[in-house]
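Numbering of the sequence shown is given in our numbering, commencing with residue 641 and proceeding in unit increments.
Idealized CB from N, CA, C, for every residue including glycine.
Bear in mind the structure is a predicted one, so any value in this text is a computation, not a measurement.
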Amino acid sequence: MANILPFKRIVVISDLQEGPISDGPVPTVEWFRERWLEGSRGSTPQRVEASQPVEVEGGYIERLPLAALKSGLVESAEIWSHWRGEEPPLDWTTGSPFLTRRAFRMNGFEAPFSSNDMLGYLEAFGPPDILCSWGLGVAEEILLACRESYKIYNSIDAPALRIPSEVSRHFDLVITGAEWQSHVVRERHPHMKTTIMPIGPEFASDQTFKPLGLSKTYDVIYVAAAQPYKRHDILFEALNRLPRSIRALCVCGYGELAGDLRQQASALGINVDFVDPPGVSFAEVNRLMNQARIGVVCGIDDGAPAILTEYMLAGIPVLANSELRCGLHYITPETGRTASADNFHEVLREMLNQPQTFSPREFVQKDWIWSHSIKKLQNIILEGQSN
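Written out as C-alpha cells, the structure reads:
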C-alpha cells in the first residue's frame, strides 16, 4: 500500500450473518472468481458517486468508513457481511449512497468465518487498501489474501480478541476499548500496535444525535439490545427502589428477551415503556433520547457501547455501571456518573435532582466525535506505512 492520500478503498467486514440457512455444497474459489469477473455475482469495486456531500451518519458499522470518505482518507468504501444461504444478494446501497454493501456466502457457520465467495472476489479484484474486521472475524486465508492491505481489528464486545492467534497475528492495528484490552493484545502479540479508540463511541455523529429542545416525558432511557449482557435487571431493581412516579423507556433494536423484560417490569410494578425489536430509526432514537433526562448503561461485559456518546450528543448525561469493562473513560464530571448495581438507584436520584451539573454534548464534541477520531486513525495508518 503506497503511503499517499487518498487510498483507493476501505472495506469493513462486520460479523453480521443473514439469509436462510443452507447446508448445500459450496462452490470453489475459482467458480466464484469467474462469476465476479463476468459480472453475474455483483459489480466491480468502484467509487460511488452521489449528488450530495458525504454525511457521517448511521450506526457504528457505517460511521468509520463514512468518516474515512469524508476526511479524504479513501476514495471509496464498502461494508461486507456474511450470507448463510446459497444465493447471496447482489451488491446494494442503503442508508448512505456512498457505501457499497456486499454479502458473501459463508462456507460454514464456525467463527472466524471462511468464504470461498469472498476469496473469489479478492482474486478477481484484489485486496482493499484498508481492511477492517470486526467482532468474530474472518478466517486466516482471507487475511492472507489481503497481505498487502493495512488490516485493523476491533472486538466490539468486551473480550479484547475474539479470534485465535493464527488470525490475530495478521493485523497491523487492534482498536481496543480500554487499557486492559490493549494489555491483553500485547501479551499475545508484544509488538502489535494498539489504540484505545472503540469505533462506536469514538466515531460518534453530532449530526445524527443532537438536542431537539423537546419536553422531557421520561426520567430515564436505556437504549440496549434485549439480551442478558445488557443487564436490564440492574435498571429495574433501581426503579423498584425509587418512587413509582419515575418513568423509564427501554428501546431494544434486537434481542430475544423483549417479552421477558416486559414481564419483569410488570411483575415489579415499575413504570417502564418499551420499544421492541426491530427498533426504530436513528432519528427516532435521537428524538426519544431527547425526551429523557438521563441515559443509562447497565452492562458489565460490554465493549464500550456506542450509546455512551450518543446519549451525550443528544444532550443528556449518562449513568453507567461502575463495573463496565470498556468505556468508563467517557464518564467525566461533565458527562455523567458511575454507580454500582447496589447504589444505582441513589446516584440516579441524585442526577435527576441536579440536571444543571452536566454539559455532555460540548464535552464529547471536543474529543470524541468522528472528525477527531479519523485524524488519529489516519496518523496511525500513515505512521505504520512509513515504518
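Going straight from the alpha carbon of Ser1013 to that of Asp900, what length do you get?
38 Å
Rounded separation between Ile836 and Lys1016 - CA only
11 Å
Does the segment 701-708 come close enough to the segment 646-654 to have 3 or more Cβ pairs within less than 8 Å?
yes
Flag this pair as yes or no: are the beta carbons of Ile803 and Tyr790 separated by less than 7 Å?
no
Run through DSSP, which three-state label would Ser654 get?
strand
Considering Trp1010, what are the terminal residues of the alpha helix (DSSP H) in which it resides?
Trp1010 to Ser1026
Pick helix, strand or coil for Ala844, following the three-state DSSP scheme.
strand
So, using beta-carbon positions, are Asp797 and Gly943 closer together than 7 Å?
yes
Would you check if the distance between the CB atom of Ile861 and the CB atom of Gly935 is smaller than 7 Å?
yes
Note down, one range per segment and in chain order, each alpha helix (DSSP H) of at least 4 residues found wholly within the segment 769-824.
780-785 and 805-808
C-beta atoms of Trp732 and Ala844 nearer than 7 Å
no
Test item: CB-CB of Ser962 and Thr978 under 7 Å:
yes
With a CB to CB cut of under 6 Å and the five nearest residues on each side skipped, what residues in its chain are close to Ala642?
Here Ala642 scores only 49 on pLDDT, less than 50, and its place in the model is too uncertain to base an answer on.
Can you grab the Cα-Cα spacing for the pair Val920 / Arg927, in whole Å?
11 Å
Can you pull the DSSP bridge partners for His1064?
The structure shown has nothing for residue 1064, since the chain only spans 641 to 1027.
Are three or more beta carbon pairs between the segment 993-1004 and the segment 946-956 nearer than 8 Å?
yes
Hey, would you say Thr834 sits closer than 7 Å to Glu697, going by beta carbons?
no
For the candidate residues Leu854, Pro841 and Gly893, whose alpha-carbon lies nearest to that of Ala864?
Gly893
For Arg902, collect the residues of the same chain with a Cβ closer than 7 Å to its Cβ; drop the 5 residues on either side in sequence, then sort them by chain order.
Phe914
Do His985 and Leu882 count as a contact pair if the criterion is CB distance below 7 Å?
yes
Just how far apart, CA to CA, sit Leu656 and Ile792?
17 Å
Would you check if there are 3 or more beta carbon pairs closer than 8 Å linking the segment 745-763 to the segment 665-682?
yes
If you drop the 5 nearest sequence neighbours on each side, which residues of the same chain put their C-beta closer than 7 Å to that of Pro767?
Ala785, Cys786, Glu788 and Ser789
Exposed or buried, which one is Ser680 when buried takes at least 16 other CB atoms within 10 Å?
exposed
Candidates Leu813, Pro995 and Gln996: closest to Cys772 by CA position:
Leu813
Cβ of Lys648 within 7 Å of Cβ of Glu715?
yes
One question on the structure: do Ala779 and Pro752 come within less than 7 Å of each other, judged by their Cβ atoms?
yes
Ile910 to Arg884 span [Cα, whole Å]
6 Å
Is Trp720 closer than 7 Å to Arg1055 when the C-beta atoms are compared?
For residue 1055 there is no data in the structure shown, the boundaries of the chain being 641 and 1027.
Taking all protein chains shown into account, decide if Asp663 is buried (16 or more other Cβ within 10 angstroms of its Cβ) or exposed.
exposed
According to the Cβ coordinates, are Thr949 and Pro838 closer than 7 Å?
no
Rank Thr684, Gly775, Gly725 and Asn747 by C-alpha distance to the C-alpha of Thr740 and give the top, closest one.
Thr684
Out of Gln1025, Gln1005, Arg933 and Leu968, state which residue places its alpha-carbon closest to the alpha-carbon of Met991.
Arg933
Following a CB-centred definition, is Pro728 positioned closer than 6 Å to any heavy atom of the ligand PLP?
Absence of the ligand PLP is noted for the structure shown, with no ligands found whatsoever.
Can you find the residues in the same chain that come closer than 8 Å, C-beta to C-beta, to Lys850, ignoring five residues on each side of it along the sequence?
Asn926, Leu953, Ala954, Gly955 and Arg1001
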